[in-house]
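The next block holds one structure in the form of structure tokens; read it before the comments.
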Amino acid sequence: MSDDVEWVDEEAGPVVRPYALTGGRTRASSSSFDVLSMVVATGAAAATAVHLGSEHRRLLDLVRRTRPIAEVASEAGLPMGVVKVLLGDLLDQGLILVRSPVPAATPPVESLLQEVINGLRAL
């Protein structure tokens, strides 16, 4: 049997339920995940004693370049909770890096916005 198991049947939908992909876990081992957190593979090889499922390997392929977790979940077609648990496994093994989203800057003062609008109208 090949390692590339097809987890989706075109007519029946998902063959394996999300809780089976995570071993029944509902939370990632690390709380450093935010929907907008950026994830990228480190390129490190997995330890030989570590068993990575096909979904883990699939996520590693998806994060070869830096991407937000929300995009990874969408591309993988998996629920966000499942992706966070699987990425937590990869983070524990040192196979990915996670960067928190940059906090939003303070919003501009209303008077400044009004001056910009007035300046544009004057053009």
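Numbered per my numbering, the sequence shown spans residues 6 to 128. By construction, the Cβ of each residue, glycine as well, lies at the ideal position given by its N, Cα and C atoms. Note that this is a predicted model, so its numbers are computed, not measured.
With fewer than 16 other Cβ atoms inside 10 Å of its own Cβ, Gly99 counts as exposed.
Closest in alpha carbon position to Asp94, among Gly82, Ser79 and Leu65, is Leu65. Under the three-state reduction of DSSP, Val90 is assigned to helix. Counting along the chain, Ala46 sits inside the beta strand (DSSP E) bounded by residues Met43 to Ala46.
Note: Pro73 is bridge-paired with Met43 in the DSSP secondary-structure output. Straight across, the Cα-Cα distance linking Arg70 with Leu102 is about 11 angstroms. Going by DSSP, Val103 is part of the beta strand (DSSP E) stretching over Ile101 to Arg104.
Burial is judged here by how many other beta carbons sit within 10 angstroms of a residue's own beta carbon; Ile122 has fewer than 16 and is exposed. With 16 or more neighbouring CB atoms inside 10 Å of its own CB, Ala78 falls in the buried class.
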